[in-house]
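Colleague:
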Amino acid sequence: MTRSYLRTAAMALAAGGTLISAAACGGSGFDDSPGQNATAQQSSGPASLQILIGSSGDAETTAVKEAAAAWAKSSENNATVTPAQDLTQQLGQAFAGGNPPDVFYVDASRFADYASVGALEPYGDKISNPDDFYQTLRTTFTRDGKFYCVPKDFSTLALVVDQDLWKKAGLGDSDVPTTWEQLTSVAEKIKAKGDVPLALGDTRDRIGAFMVQAGGWITSPDGKQATADSPENLKALQYVQSLLKGGLAKYPKQLDAGWGGEAFGKGKAAMTIEGNWIKGALKADFPDVKYTVHELPAGPKGKGTLSFTNCWGIAAKSRYKEQAISFVEAMTKAEQQMAFARAFGVMPSRQSAKEQFTKEFPADAPFMNGAEYAQGPVNAPKMDSVLADLDAGLQQLAATDPKTILSRVQKNTQSALGD
Numbered sequence: 010m011t012r013s014y015l016r017t018a019a020m021a022l023a024a025g026g027t028l029i030s031a032a033a034c035g036g037s038g039f040d041d042s043p044g045q046n047a048t049a050q051q052s053s054g055p056a057s058l059q060i061l062i063g064s065s066g067d068a069e070t071t072a073v074k075e076a077a078a079a080w081a082k083s084s085e086n087n088a089t090v091t092p093a094q095d096l097t098q099q100l101g102q103a104f105a106g107g108n109p110p111d112v113f114y115v116d117a118s119r120f121a122d123y124a125s126v127g128a129l130e131p132y133g134d135k136i137s138n139p140d141d142f143y144q145t146l147r148t149t150f151t152r153d154g155k156f157y158c159v160p161k162d163f164s165t166l167a168l169v170v171d172q173d174l175w176k177k178a179g180l181g182d183s184d185v186p187t188t189w190e191q192l193t194s195v196a197e198k199i200k201a202k203g204d205v206p207l208a209l210g211d212t213r214d215r216i217g218a219f220m221v222q223a224g225g226w227i228t229s230p231d232g233k234q235a236t237a238d239s240p241e242n243l244k245a246l247q248y249v250q251s252l253l254k255g256g257l258a259k260y261p262k263q264l265d266a267g268w269g270g271e272a273f274g275k276g277k278a279a280m281t282i283e284g285n286w287i288k289g290a291l292k293a294d295f296p297d298v299k300y301t302v303h304e305l306p307a308g309p310k311g312k313g314t315l316s317f318t319n320c321w322g323i324a325a326k327s328r329y330k331e332q333a334i335s336f337v338e339a340m341t342k343a344e345q346q347m348a349f350a351r352a353f354g355v356m357p358s359r360q361s362a363k364e365q366f367t368k369e370f371p372a373d374a375p376f377m378n379g380a381e382y383a384q385g386p387v388n389a390p391k392m393d394s395v396l397a398d399l400d401a402g403l404q405q406l407a408a409t410d411p412k413t414i415l416s417r418v419q420k421n422t423q424s425a426l427g428d
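Here the sequence shown is numbered in my numbering, starting from 10 and rising by one per residue.
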């Protein structure tokens, strides 16, 4: 996972919704024609699996290729792993052309778009011990009661604290905030020392965590109903607005930074809210920064964070579904997930790997603990423009009535969902 999630999100925006726009206009591989995504005639093999991944870098590419080669040798099949240059665009083109890869990464934010048009094989329950995957992650990849694809790994958001700036404000370990009230209190102490307390990303992928902590979210759990304009979400945005207006939090662009991790690494904020990809970024770009990681402060309705994940998608049109499921089985065994964790820093999606992971990577425990109460991305199709509009509203939150923002996203979501 690591930075691949950041890259995937950027690609999704840059691609302009290749899949969705094509489907909406007709003329792509995605329409409602009979047999459009019909099951392909299956081949007994040996299979020649084509696997497309959205890699975070050389370490991930090498690790996946080695694992695929080991599976191919033991199963007497062939497996070709290709790292995508632009996963969203390349998948959209492959599906439109009727020749998708057999197996591919599916970002959680894109899952509903693929599943809603029959592009994915719903194989999740065919993997051994499917209940071993965290419930929050299974929910992310479930639609209409079907567990489509198993999560390959994940991250959550946590609170990252600069130890030097923390001490400068006269704060100790016992002052790490566990509630919104405590967050405000320590932020005021940090501000009093002349430092920016919190660098906060200006989109739903960071601010949305406060919505979850208040008991709200943008859509219902099944992705069928708009729930944005709620008292819970209003309370969350009002709280974040109070931080912004009081100078207790600032967006990265206000700190001449591209994202929260950069602002934090440059010492421009004492705290930030980011995923475990920040570890690699700080090690590479700001190795002298001393920091600690903690679970996010709880809100009025308790703990809440956001999860970011991919699943191993299998094409409904694949001729090698049985072999593809065997491949995914091998990639998601606990021991293989731990091998990936060591190779490129991801967190295993199987609960049975938690103890070993936290033993080997104790600093990541706050991220891992968030899996128990994390909210996944919006699980509904055709929401790209709605969510982009929400982000635009959140970027103006300090000067905009939160109720106005929520009313607008409620209306837009209802329209997208066909309410």
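Ideal placement from N, C-alpha and C gives every residue a C-beta, glycine not left out.
Since the model is a prediction, treat every value here as computed from it, not as a measurement.
For a test of the three-state rule: what should DSSP assign to Thr151, helix, strand or coil?
Modeller: Taking the sequence shown and counting its residues from 1, the one referred to as residue 151 is at position 142. Note: Thr151 maps to strand in three-state DSSP.
Colleague: Quick check on the burial criterion: 16 or more other C-beta atoms within 10 angstroms. Buried or exposed for Glu283?
Modeller: As a position in the sequence shown, residue 283 is number 274, starting the count at 1. With 16 or more Cβ atoms within 10 Å of its Cβ, Glu283 is classed as buried.
Colleague: Mind checking which residues open and close the alpha helix (DSSP H) that includes Met220?
Modeller: Working through the sequence shown from its first residue, we reach residue 220 at position 211. Looking at the DSSP string, the run of the alpha helix (DSSP H) that includes Met220 is Arg213 to Gln222.
Colleague: Do three or more CB pairs link the stretch 93-102 to the stretch 356-364 at distances below 8 Å?
Modeller: Flag = no, the stretch 93-102 and the stretch 356-364 do not touch.
Colleague: Could you check whether Met280 and Val170 sit closer than 7 Å to each other, using their CB atoms as the reference points?
Modeller: Translated into positions along the sequence shown, residue 170 becomes position 161. Translated into positions along the sequence shown, residue 280 becomes position 271. The answer is yes: Cβ separation under 7 Å.
Colleague: Taking just the CA atoms, how far does Ala81 sit from Gly225?
Modeller: Walking along the sequence shown from the start, residue 225 turns up at place 216. Walking along the sequence shown from the start, residue 81 turns up at place 72. If I take the Cα positions, the gap works out to 45 Å.
Colleague: If you draw a straight line from the C-alpha of Lys200 to the C-alpha of Ala278, how long is it?
Modeller: Looking up residue 200 in the sequence shown gives position 191. Looking up residue 278 in the sequence shown gives position 269. Each residue's Cα considered, the two are about 10 Å apart.
Colleague: Work out the CA separation of Gln234 and Met356 for me, nearest whole Å.
Modeller: Counting from 1 along the sequence shown, the entry for residue 356 is found at position 347. Counting from 1 along the sequence shown, the entry for residue 234 is found at position 225. Using only the alpha carbons, I get a separation of about 31 Å.
Colleague: Give every residue of the same chain whose Cβ lies closer than 6 Å to the Cβ of Thr151, excluding the five residues on either side of it in the sequence, and list them in chain order.
Modeller: Your numbering for residue 151 matches position 142 in the sequence shown. Excluding residues within five positions, none has a Cβ falling inside 6 Å.
Colleague: Express the C-alpha separation of Ala425 and Asn388 in angstroms, rounding to a whole number.
Modeller: Mapped onto the sequence shown, residue 388 falls at position 379. Mapped onto the sequence shown, residue 425 falls at position 416. Computed Cα separation, rounded: 12 Å.
Colleague: For the stretch 154-164 and the stretch 257-267, state whether three or more C-beta atom pairs, one from each stretch, are separated by less than 8 Å.
Modeller: Segments in contact, no.
Colleague: Looking only at its own chain, which residues have a Cβ that is under 6 Å from the Cβ of Asn87, when we skip the five neighbours before and after it?
Modeller: As a first step, residue 87 must be located in the sequence shown, where it is residue number 78. Taken in chain order, the residues that qualify are Ser57 and Ala81.
Colleague: Closest to Ala397 by CA distance: which of Lys412, Glu364 and Val418 is it?
Modeller: Taking the first residue of the sequence shown as 1, we reach residue 397 at position 388. Taking only the C-alpha atoms, the option nearest Ala397 is Val418.
Colleague: Write down the C-beta distance between Leu129 and Gly322 rounded to the nearest angstrom, noting that I regard them as a contact closer than 8 Å.
Modeller: Counting from 1 along the sequence shown, the entry for residue 129 is found at position 120. Counting from 1 along the sequence shown, the entry for residue 322 is found at position 313. That pair is a contact at about 5 Å.
Colleague: Going by other Cβ atoms of all chains shown within 10 Å of its Cβ, with 16 needed for buried, is Lys330 buried or exposed?
Modeller: Walking along the sequence shown from the start, residue 330 turns up at place 321. Lys330 is buried by the Cβ-count criterion.
Colleague: Please list the terminal residues of the continuous alpha helix (DSSP H) segment that includes Tyr123.
Modeller: Taking the first residue of the sequence shown as position 1, residue 123 is located at position 114. Element bounds for Tyr123: Phe120 to Ser125.
Colleague: Please classify Lys176 as buried or exposed, where buried requires at least 16 other C-beta atoms within 10 Å of its C-beta.
Modeller: Translated into the one-based positions of the sequence shown, residue 176 becomes position 167. Exposed: under 16 other Cβ atoms inside 10 Å.
Colleague: Put Arg417 into one of helix, strand or coil per three-state DSSP.
Modeller: What you label residue 417 is simply residue 408 of the sequence shown in a count that begins at 1. Helix, per DSSP.
Colleague: Taking the C-alpha atoms as reference points, what is the distance between Thr409 and Ser327?
Modeller: Here residue 409 refers to the residue found at position 400 when the sequence shown is read from its first residue. Here residue 327 refers to the residue found at position 318 when the sequence shown is read from its first residue. Distance between the alpha carbons of Thr409 and Ser327: 49 Å.
Colleague: Need the endpoints of the alpha helix (DSSP H) that Phe104 sits in, please.
Modeller: As a position in the sequence shown, residue 104 is number 95, starting the count at 1. Per DSSP, Phe104 belongs to the alpha helix (DSSP H) from Leu96 to Ala105.
Colleague: Where are the beta strand (DSSP E) runs, 3 residues long or more, that stay fully inside the stretch 124-192, in chain order?
Modeller: Correct list: 160-165 and 167-171.
Colleague: Give the secondary structure of Met280 by DSSP, where H, G and I count as helix, E and B as strand, and everything else as coil.
Modeller: The count along the sequence shown starts at 1 and reaches residue 280 at position 271. Strand at Met280.
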